[in-house]
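Engineer: Under our numbering, the residue at position 149 of the sequence shown is numbered 922, and the numbers go up by one with no gaps.
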Amino acid sequence: MANSLFAFRSIRKVAFTSSASASVKWKGGVSLVQGASRGIGLEFAKQLLEKNDKGCVIATCRNPNGATGLLDLKNRFPERLDVLQLDLTVESTIEASAKSIKEKYGSLNLLINASGILSIPNVLQPETTLNKVEKSSLMLAYEVNAVGPILVIKHMSPLLKVGGTGIERDVAVVANLSARVGSIGDNHLGGWHSYRASKAALNQLTKSVSVEFGRKKDPVICILLHPGTVDTDLSRPFQRNVPEGKLFTKEFSVQKLLNIINNVKSHDNGKFFAWDGQEIPW
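1. Does the segment 813 to 826 touch the segment 931 to 940, meaning 3 or more C-beta pairs lie closer than 8 Å?
2. Measuring only the C-alpha atoms, how far is Phe1025 from Asn882?
3. DSSP three-state call for Gln820: helix, strand or coil?
4. Report the option in Ser1039, Asp1049 and Thr1022 whose CA atom is closest to the CA atom of Ile1033.
5. Starting from Gln1028, trace the alpha helix (DSSP H) both ways and give me its first and last residue.
6. Quick one: measure Cβ to Cβ for Gly955 and Asn976, integer angstroms, because I've assumed they're closer than 8 Å.
7. What would DSSP say about Pro931, mapped onto helix, strand or coil?
8. Can you tell me where the beta strand (DSSP E) holding Asn949 begins and where it ends?
9. Can you tell me whether Ile893 is buried or exposed? The criterion is at least 16 other CB atoms within 10 Å of its CB, across all chains shown.
10. Let me know if Pro1054 comes out buried or exposed under the rule of 16 or more other beta-carbons within 10 Å of its beta-carbon.
11. Could you tell me whether any Cβ in chain E is nearer than 8 Å to the Cβ of Glu816?
12. Where does Asn1042 sit, in a helix, a strand or coil, going by DSSP?
13. For Ala832, list the residues DSSP reports as bridge partners.
14. Would you call Glu876 buried or exposed, if buried means 16 or more other Cβ atoms sit within 10 Å of its Cβ?
15. Using a 10 Å radius around the Cβ and a threshold of 16 neighbouring Cβ atoms, would you call His1040 buried or exposed?
16. Counting C-beta neighbours from all protein chains within 10 Å, is the total for His966 16 or more, i.e. buried, or is it exposed?
17. Would you report the Cα separation of Ser870 and Gln858, rounded to the nearest angstrom?
18. Specify the secondary structure class of Glu1052 as computed by DSSP and reduced to three states.
The following block contains the structure:
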């Protein structure tokens, strides 16, 4: 029994040392941006690379070969940007990405889930009335906006737990991009049923995961972020009613969100922040 215990401890030590040595090269940490082909996700990857010259960024998207902005960024940062294929609706691609990251880096210090859908021509449109609600729209929004990000956390959590030890911040961070319209307490207008419900589901799932990490004393915290209304392809069809001064550039929004991410502490686990750092009611 003693020999078995010694062997188990030795295996754990070797495994940890191997994982740690894989990420020693990146003193600025290893960050994963899920949904980085364009918009806010691409801007996250860009700013992480530009502002931290000792860190590495892993960017994922469904079709890397067609992500021209991401490929341009790869040309600028060939040594510090790694691009992987990941489709939120295909769990095997999430598993494959996690395996690849484990083998190459051994840990993650930051996970940003930036993917999201609001509308797709002839497939999905924000519902203005109840009679426009369709099951297919509800299910698609839920799959991409809520289920996908949680599955990413599920498969990346072992890497985050390693990344949350021995770093300046003392915890790894998961930042899920939500939206103010996902707040039940802040819902005074109704409508947009599929999108609202999917973001509310993301909030609840993220909160539950944060509770589990806290209960197990894992060195990982989860936060939710509302980026504001940002001038991207997602919001462009719906910008005409945005008040003056409330339509943000992606550069401004991501700068604000990264400021929040970089300053969160363990006691912020499970909180829902707007771009300006104010907490949003559930």
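C-beta atoms are modelled at their ideal positions from N, C-alpha and C, and glycine is treated no differently.
All values reported here derive from a predicted model rather than from experimental measurement.
Structural biologist: By the coordinates alone:
1. no
2. 23 Å
3. helix
4. Asp1049
5. Lys1023 to Asn1036
6. 5 Å
7. helix
8. Ala945 to Leu950
9. exposed
10. exposed
11. Protein chain content of the structure displayed is limited to a single chain, and chain E is not contained in it.
12. coil
13. Val806 and Val856
14. exposed
15. exposed
16. buried
17. 7 Å
18. strand
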